[in-house]
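Peer 1:
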Amino acid sequence: MNSIVLEVDLDKIRRNTARIVEGCHAQGIAVLGVTKGFTAIHQIVTAMVQGGVDGLADSRLENIEELRSRGFGQHITLLRIPRLSNVSEVVRYADVSVNSEVTVIQALAQAAQQAGRVHQVILMVDVGDLREGVLQDDVLSTVEQISRMKGVHLQGLGTNMGCFGGILPEQENLGVLVNLRNAVQDKLGVMIDVISGGGTSSLILVETKKMPAGVNQLRIGEGILLGTDTTNSRVIPGLCHDAFILRAEVIEVKYKPSMPIGNVGRDAFGNIPHFVDRGIRNRAILALGKQDVNIEGVRPVDERIEVMGASSDHLIVDITDSQRDVQVGDEMSFHLTYAGLLSACDSKYVKKEFKENKIND
């Protein structure tokens, strides 16, 4: 029996997908279902596909290979810039890849020609977040170089928001992509079919109908999976927020002081812990630790329970204020952030269980 279980409600994922797709399609925006946040577990990918995504996207080529081996024939975009050392595999498994280095695009073109294929490229443009992307002043010259290559086709321009610099998507910075597309078409005669305007953080512009005309693709992961938008610090209205629940077993319940006794050094991870003296508190220890999941990414479903800390194998929680009579052997449930979900899905110590209970739309 696994002491740690990740319960996945596939119907809620389908419903979230369908609602996001409906809202985006109403404004001419295609939705790529991003599968990296749950390591492309095929049951969840299937729920996304059934929810109506226009394609799939992942940053790990290994995940894309696994999806192909399971028969997923949808167009798949590789979201991490290809390495020079794996361009042949990129061309083989991914239909599209995001790129910012001409050298890599040249290698993709050569690999595609050798494979008798044409590989689609999204040129990433840095509009402020300072992660991947060519600078705006270099877009025209870069496009001109790509347009002369055989084996690749420039499908569109894209950008990333919120992942490194925390920059929020706005009409102004996404409008830069549209203006660049117009410049490319007017000055170079190169047609741009796709303007990929970011991920979940861009959904707020769809909801408020402020998305610049011309942005016609979003790459959505967190919104579909958790119904949240971390970059904008919000829950997305109308979506399910509990499609994933992590459950772990209680292995100790005892009243103990809230302050450790003795001289304080560093913990097992090299940190110096800090405590507040709250007197004697009722505490529970769970068979859930940092080796299992990202502990900072879990929060008790019972909001009266407080996470105190964790070691590699144990999670300590304060249950003093819980209305539930917690006993050894009980299960405790947790919501997950995007970081918590990623770690739980990737952990071999966490069993995945899938439920299909129908819910009303």
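So the sequence shown is numbered by my numbering: it starts at 38 and just counts up by one.
We put the beta carbon where it would ideally sit given N, CA and C, even for glycine.
Tell me which residue opens and which closes the alpha helix (DSSP H) that His62 is part of.
Peer 2: Note, His62: alpha helix (DSSP H), Leu47 to His62.
Peer 1: Output needed for Val180: all residues of its chain with C-beta closer than 8 Å, excluding positions within five of it in sequence on either side, in chain order.
Peer 2: Around Val180: Leu160, Leu191, Val221, Leu225 and Val227.
Peer 1: Tell me whether the stretch 254-271 and the stretch 285-304 touch, counting them as touching only if at least three CB pairs, one residue from each stretch, are closer than 8 Å.
Peer 2: Taking 8 Å as the limit for Cβ pairs, the verdict is that the stretch 285-304 does not touch the stretch 254-271.
Peer 1: For Val164, does the count of other Cβ atoms within 10 angstroms reach 16, so buried, or fall short, so exposed?
Peer 2: Counting Cβ neighbours within 10 Å, Val164 comes out buried, since at least 16 surround it.
Peer 1: How many angstroms separate the CA atom of Gly193 from the CA atom of Ile229?
Peer 2: Their Cα atoms are separated by approximately 5 Å.
Peer 1: Look up Gly316 in the DSSP assignment and say whether it is helix, strand or coil.
Peer 2: Coil.
Peer 1: Do the CB positions of Arg341 and Asp358 come within less than 8 Å of each other?
Peer 2: Yes, these two residues count as a Cβ contact at 8 Å.
Peer 1: In its own chain, which residues sit with a C-beta less than 6 Å from the C-beta of Phe75, not counting the 5 before and 5 after it?
Peer 2: Cβ within range, chain order: Ile81 and Cys382.
Peer 1: Over the uninterrupted alpha helix (DSSP H) stretch that includes Asp383, give me the two end residues.
Peer 2: Start and end: Tyr375 to Asp383.
Peer 1: Assuming the contact rule is C-beta atoms closer than 8 Å, Ser40 and Glu333 should be a hit. Round their C-beta distance to whole Å, please.
Peer 2: Actually they are not in contact, since the Cβ atoms of Ser40 and Glu333 sit about 20 Å apart, beyond 8 Å.
Peer 1: Which same chain residues end up closer than 6 Å to Lys392 when comparing Cβ atoms and leaving out the 5 residues on each side of it in sequence?
Peer 2: Same-chain partners within the cutoff: Asp46.
Peer 1: Any chance you could list the beta strand (DSSP E) runs of at least 3 consecutive residues sitting entirely within the stretch 81-105, in chain order?
Peer 2: Qualifying beta strand (DSSP E) stretches, in chain order: 92-95.
Peer 1: From Ile282, Leu214, Pro206 and Ala280, pick the residue whose C-alpha is nearest to that of Thr245; which is it?
Peer 2: If we check each option's Cα against that of Thr245, Pro206 comes out closest.
Peer 1: Take the Cβ of Glu169 as the centre, count every other Cβ of all protein chains shown within 10 Å, and call the residue buried at 16 or more, exposed below.
Peer 2: When all chains shown are included, Glu169 counts as buried.
Peer 1: Nearest to Glu126 by CA position, among Ile113, Gln111 and Glu102, is which residue?
Peer 2: Residue Glu102 is the option with its Cα nearest to Glu126.
Peer 1: Would you kindly work out how many angstroms separate the C-alpha atoms of Ile66 and Ile261, rounded to a whole number?
Peer 2: Roughly 15 Å between the two C-alpha positions.
Peer 1: Does the beta carbon of Ile41 fall short of 7 Å from some heavy atom of the ligand MG?
Peer 2: No copy of the ligand MG occurs in the structure displayed, which carries no ligand at all.
Peer 1: At what residues does the alpha helix (DSSP H) containing Lys224 begin and finish?
Peer 2: Gln208 to Leu225 is the span of the alpha helix (DSSP H), which, as asked, contains Lys224.
Peer 1: Between the alpha carbons of Arg320 and Asp329, how many angstroms are there, rounded?
Peer 2: Going from the Cα of Arg320 to the Cα of Asp329 covers about 20 Å.
Peer 1: Indicate the three-state DSSP secondary structure (helix, strand or coil) for Thr76 in the structure shown.
Peer 2: Coil.
Peer 1: Got a sec? Which residues, its chain only, sit under 8 Å from Val58 by beta carbon, not counting five neighbours each side?
Peer 2: Closer than 8 Å at Cβ, skipping near neighbours: Val68, Gly88, Gly89, Val90 and Asp91.
Peer 1: Do you know offhand how far Ile204's Cα is from Arg117's?
Peer 2: Spanning the two alpha carbons is a distance of roughly 19 Å.
Peer 1: Hey, could you find the ends of the beta strand (DSSP E) Ala324 is sitting in?
Peer 2: Looking at the DSSP string, Ala324 is not in any beta strand (DSSP E), and its letter there is neither H nor E.
Peer 1: Under DSSP, the beta strand (DSSP E) around Ser233 begins and ends at which residues?
Peer 2: That run of the beta strand (DSSP E) goes Val231 to Ser233.
Peer 1: Starting from the N-terminal side, write out each stretch of the alpha helix (DSSP H) that is 4 residues or longer and does not extend beyond the stretch 169-200.
Peer 2: With a minimum length of 4 residues, the continuous alpha helix (DSSP H) runs that stay inside the stretch 169-200 are 176-184.
Peer 1: Just tell me which of Val176, Ala131, Ile113 and Thr72 has its CA closest to the CA of Ser137.
Peer 2: With distances taken between Cα atoms, Ser137 lies closest to Val176.
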